[in-house]
Amino acid sequence: MEIGVIFPQTEIEPDPAAIKDFAQAAEELGYSYIFIADHVLGADPKHHEFSNNKYFPALQTYNHKSVFTNR
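As numbered in our numbering, residues 1 to 71 make up the sequence shown, in order.
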């Protein structure tokens, strides 16, 4: 069985170093994978309030973290 971790889209700072630190920590803890949610369209702001508008595109985030990890 593989156990993974969910990438903290709203809890992590939009900083490449934070992505690197999270990915390396997950790997060191033995997680098999990191799940990064992706979406093409965002929620309608008229119906959903968000405290921040940061967004981590999944493919770019996977590419960035792959430079620093082996999984």
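All C-beta atoms in this analysis are idealised placements derived from N, C-alpha and C, irrespective of residue type, glycine included.
| Item | Value |
| --- | --- |
| Rounded Cβ spacing between residue 26 and residue 34 (contact assumed at less than 8 Å) | 6 Å |
| Nearest-angstrom Cβ-Cβ length linking residue 3 and residue 31, presumed shorter than 8 Å | 6 Å |
| Burial state of residue 100, where buried means 16 or more other Cβ atoms lie within 10 Å | Nothing in the structure corresponds to residue 100, since the chain is present only between 1 and 71. |
| Element boundaries [beta strand (DSSP E), containing residue 31] | Careful: residue 31 lies outside any beta strand (DSSP E) and carries neither H nor E. |
| Beta-carbon proximity list for residue 20, same chain, < 6 Å, skipping 5 on both sides | 68 |
| Alpha helix (DSSP H) segment containing residue 79, residue limits | There is no way to answer for residue 79, as the model of the chain reaches only from 1 to 71. |
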